[in-house]
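S.K.: Residue numbers (our numbering): 4 to 493. The C-beta atom is built at its ideal place from N, Cα and C for all residues, glycine as well.
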Ligand code: GLN
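1. Can you tell me which of the three DSSP states residue 425 falls into?
2. Quick check: the region 171-190 against the region 89-97, are at least 3 beta-carbon pairs closer than 8 Å?
3. Return the first residue and the last residue of the beta strand (DSSP E) that residue 121 is part of.
4. Could you tell me which of 479, 56, 43, 206 sits nearest to residue 134, measuring between CA atoms?
5. May I ask which residues mark the beginning and end of the alpha helix (DSSP H) holding residue 108?
6. Please name the residue in 132, 11, 480 whose C-alpha comes closest to that of residue 255.
7. Can you give the Cα-Cα distance for residue 200 and residue 107, rounded to whole angstroms?
8. Does the region 255-268 come into contact with the region 222-236, if we say contact requires no fewer than three beta-carbon pairs (one atom in each stretch) closer than 8 Å?
9. Can you list the alpha helix (DSSP H) stretches of 4 or more residues lying completely in the region 359-422, in chain order?
10. Is there at least one non-hydrogen atom of the ligand GLN closer than 7 Å to the beta-carbon of residue 206?
11. In whole angstroms, what is the alpha-carbon distance linking residue 1 and residue 320?
12. Taking residue 101 as the reference, give the member of 431, 488, 80 with the closest Cα.
13. Hey, out of 22, 141, 14, whose CA is closest to residue 411's CA?
14. Between 160, 77, 475, which has its C-alpha nearest residue 286's C-alpha?
15. For residue 48, does the three-state DSSP call read helix, strand or coil?
16. Mapping DSSP to helix, strand and coil, what is residue 354?
17. When the Cβ atoms of the region 117-129 are set against those of the region 148-161, are three or more pairs found closer than 8 Å?
18. Contact between the region 207-227 and the region 236-251: three or more CB pairs below 8 Å?
19. To the nearest angstrom, how far is it from the Cα of residue 333 to the Cα of residue 416?
20. Look at the alpha carbon of residue 115 and the alpha carbon of residue 25, and state the distance between them as a whole number of angstroms.
21. Quick one: measure Cβ to Cβ for residue 89 and residue 138, integer angstroms, because I've assumed they're closer than 8 Å.
22. Scan the region 11-42 and note each continuous alpha helix (DSSP H) run of 4 residues or more that stays entirely inside, going in chain order.
23. Alpha carbon to alpha carbon, what distance is there between residue 68 and residue 62?
24. Could you check if residue 303 is buried or exposed, using at least 16 other CB atoms within 10 Å of its CB as the buried criterion?
25. Output yes or no for whether 8 Å exceeds the beta carbon distance between residue 264 and residue 400.
26. Assign residue 490 to one of three DSSP states: helix, strand, or coil.
27. Give me, in chain order, the residues of the same chain whose beta-carbon lies closer than 6 Å to that of residue 241; leave out the 5 immediate sequence neighbours on both sides.
28. Does the Cβ-Cβ distance between residue 194 and residue 466 come in under 8 Å?
29. Rounded to the nearest angstrom, what separates residue 35 and residue 5 at their Cα positions?
30. Let's test the definition: count the other Cβ atoms within 10 Å of the Cβ of residue 424 and tell me whether it reaches 16, buried, or not, exposed.
31. When DSSP builds the beta bridges, which residues end up paired with residue 173?
32. Mapping the DSSP letters down to three states, classify residue 474 as helix, strand or coil.
33. Identify the residues that DSSP records as bridge partners of residue 261: which are they?
34. Using the C-alpha atoms, what's the distance from residue 444 back to residue 276?
35. With DSSP as the reference, identify every bridge partner of residue 484, one or two as the case may be.
36. Taking 7 Å as the cut-off, is the beta-carbon of residue 239 closer than that to any non-hydrogen atom of the ligand GLN?
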């Protein structure tokens, strides 16, 4: 059962072929057996999950159909879940207990999903490998010598290793899509403002967006349909009706114009990866799509722009972690020393680096030169996408430039920042985008060939079109079935 899709699990629980309780018990046993190798979960919620399963069984027995009945859920640990430890992967929140539940998490629970645990992440979602977690190591379940990607690496690893059927992640510059690609699953970032950020510990508020990690596009659509929509508790959530995506998935791409980005050639990624993406584009054409060339001339400035805007916003957002209001406190002779000692001990090196860069970029005299200029480039990047979407319906490009790498391979921060080269432009423009497995490449020393992700992107609020296209590609190619778990986990 655990290898079934979330859609199939919910169907079985609603049909009372299996109880939520049995499904959750199976899941917890599997987590017992595998998570000591993977390290997806920071906090496990066994008792609470079993209790929630009993409630779901009761609701189902009462005749209430639940779209996610009994579905085991992994929740990234930067999302609040009432009365549970919520750490954001940081020592500064190592023992902090959330007093309320994030809207997105609550909507999943209301739909019958059952949180199994809180998953590891790069500290405050800053990173692309999970190696910046201040608390634990998470390994890629396809090859335990490699990172799961990040920052939502814990949720991605949990879903890929069948320790959950759906994971919640947050994507600021690529943190759902890149770990999705690294773990061979679907990583879907909705339009900015589509899913409430209430209860998501803020990194960069103008970019952060919650979305699902799942093993099928249909499961991602189901989770999105449940989570999306206006929330009065988040003033940036959009008050606009949500169209069901799970009911409009397609099997072909006839008549769909798919834009290939001129500035994203795949030849520089190496012969094998180039061949893989060329094959993926040919598969799209074989499904009926018309391939057209589009241009995103300013996309190359994405990383530079992002690494001003995101640190600027994080320097403001993280000011609240001062030893007074939340979590860790290290005593000092006066309040100033207490602040300094607390932040020095509580934050890891990447978080400190970003707070410094962000504070610098926002300081008087530099604001216009850096922050304001970055905002202007952000507008240009969004305008590039608008022009590209006059010529196409969906953009297709790589999700990441390489498969999952080994631990410590990107110890230079800049090389880590470049991991999000293909995902940052969409985040800056607020666009919906997802990564779907598009085949594997042989990598020396890897346990088995490693998956790569094909990224699709559509205009704002065109989630229906996005998921429909991804579903057609996935159904036709079935790449998610082509990679194997690490021998240790088989
Ligand atoms: N890797 C990027 C960063 O470090 C994106 C992270 C994210 O999307 N949360 O900021």
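M.R.: Inspection of the coordinates gives the following:
1. Working through the chain shown from its first residue, we reach residue 425 at position 422. It is coil, neither helix nor strand.
2. no
3. Reading the chain shown from its first residue, position 118 is the one you call residue 121. It spans 117-122 - the beta strand (DSSP E) in which residue 121 sits, taken as one unbroken run.
4. Taking the chain shown and counting its residues from 1, the one referred to as residue 134 is at position 131. Closest by alpha carbon: 43.
5. Reading the chain shown from its first residue, position 105 is the one you call residue 108. Unbroken alpha helix (DSSP H) run through residue 108: 106-113.
6. In the chain shown, counting from the first residue as 1, residue 255 sits at position 252. When each option's Cα is compared against that of residue 255, the closest is 480.
7. Against the chain shown, residue 200 aligns to sequence position 197. Against the chain shown, residue 107 aligns to sequence position 104. C-alpha separation (whole angstroms): 8 Å.
8. no
9. Note on the region 359-422: whole alpha helix (DSSP H) runs with a minimum of 4 residues are 376-394, 416-420, in chain order.
10. Here residue 206 refers to the residue found at position 203 of the chain shown. Yes; taking the cut-off as 7 Å, the Cβ of residue 206 has a heavy atom of the ligand GLN nearer than that.
11. Missing from the structure shown is residue 1; the chain here goes from 4 to 493 and no further.
12. Your numbering for residue 101 matches position 98 in the chain shown. Cα-wise, what sits closest to residue 101 is 80.
13. Here residue 411 corresponds to residue number 408 of the chain shown, with the count starting at 1. Checked all of 22, 141, 14; the closest Cα to residue 411 is 141.
14. What you label residue 286 is simply residue 283 of the chain shown in a count that begins at 1. Comparing Cα-Cα distances from residue 286 to each of 160, 77, 475, the minimum goes to 475.
15. Translated into the one-based positions of the chain shown, residue 48 becomes position 45. Looking at residue 48 - three-state DSSP - the assignment turns out to be coil, as it is neither helix nor strand.
16. Counting from one through the chain shown, the residue named residue 354 turns up at place 351. Helix at residue 354.
17. yes
18. Enough Cβ pairs lie closer than 8 Å, so yes.
19. One-based indexing of the chain shown puts residue 333 at position 330. One-based indexing of the chain shown puts residue 416 at position 413. Take the alpha-carbon of residue 333 and the one of residue 416: they are about 28 Å apart.
20. In the chain shown, the residue the question calls residue 115 occupies position 112. In the chain shown, the residue the question calls residue 25 occupies position 22. Pairing residue 115 with residue 25, the inter-Cα distance amounts to about 14 Å.
21. As a first step, residue 89 is located in the chain shown; it is residue number 86 there, counting from the start. As a first step, residue 138 is located in the chain shown; it is residue number 135 there, counting from the start. About 12 Å separates the two Cβ atoms, so there is no contact after all.
22. 23-41
23. Looking up residue 62 in the chain shown gives position 59. Looking up residue 68 in the chain shown gives position 65. When rounded, the distance between both Cα atoms is 8 Å.
24. Along the chain shown, read from residue 1 onward, the residue named residue 303 stands at position 300. Label assigned to residue 303: exposed.
25. In the chain shown, the residue the question calls residue 264 occupies position 261. In the chain shown, the residue the question calls residue 400 occupies position 397. For the pair residue 264 and residue 400, the CB atoms are nearer than the 8 Å cut-off.
26. On the chain shown, position 487 is the one that residue 490 refers to. Of the three classes helix, strand and coil, the one that applies to residue 490 here is helix, per DSSP.
27. Translated into positions along the chain shown, residue 241 becomes position 238. The residues are 196.
28. Counting from one through the chain shown, the residue named residue 194 turns up at place 191. Counting from one through the chain shown, the residue named residue 466 turns up at place 463. The Cβ atoms of residue 194 and residue 466 lie closer than 8 Å to each other.
29. For this step, residue 35 is matched to residue 32 along the chain shown. For this step, residue 5 is matched to residue 2 along the chain shown. Roughly 14 Å separates the two Cα atoms.
30. Start at 1 with the first residue of the chain shown, and residue 424 comes out as number 421. Looking at its Cβ environment, which holds 16 or more other Cβ atoms inside 10 Å, residue 424 is buried.
31. What you label residue 173 is simply residue 170 of the chain shown in a count that begins at 1. Paired residues: 213.
32. For the purposes of this step, residue 474 is taken as the residue at position 471 of the chain shown. Residue 474 falls in the helix class under three-state DSSP.
33. Locating residue 261 in the chain shown gives position 258, counting from the first residue. Answer is 294, 397, bridged to residue 261.
34. The residue labelled residue 276 in the question sits at position 273 within the chain shown. The residue labelled residue 444 in the question sits at position 441 within the chain shown. Roughly 7 Å between the two C-alpha positions.
35. Position 481 of the chain shown, counted from the first residue, corresponds to residue 484. Per DSSP, none; premise fails for residue 484.
36. Position 236 of the chain shown, counted from the start, is the residue given in the question as residue 239. Answer for residue 239: no, Cβ out of range of the ligand GLN.
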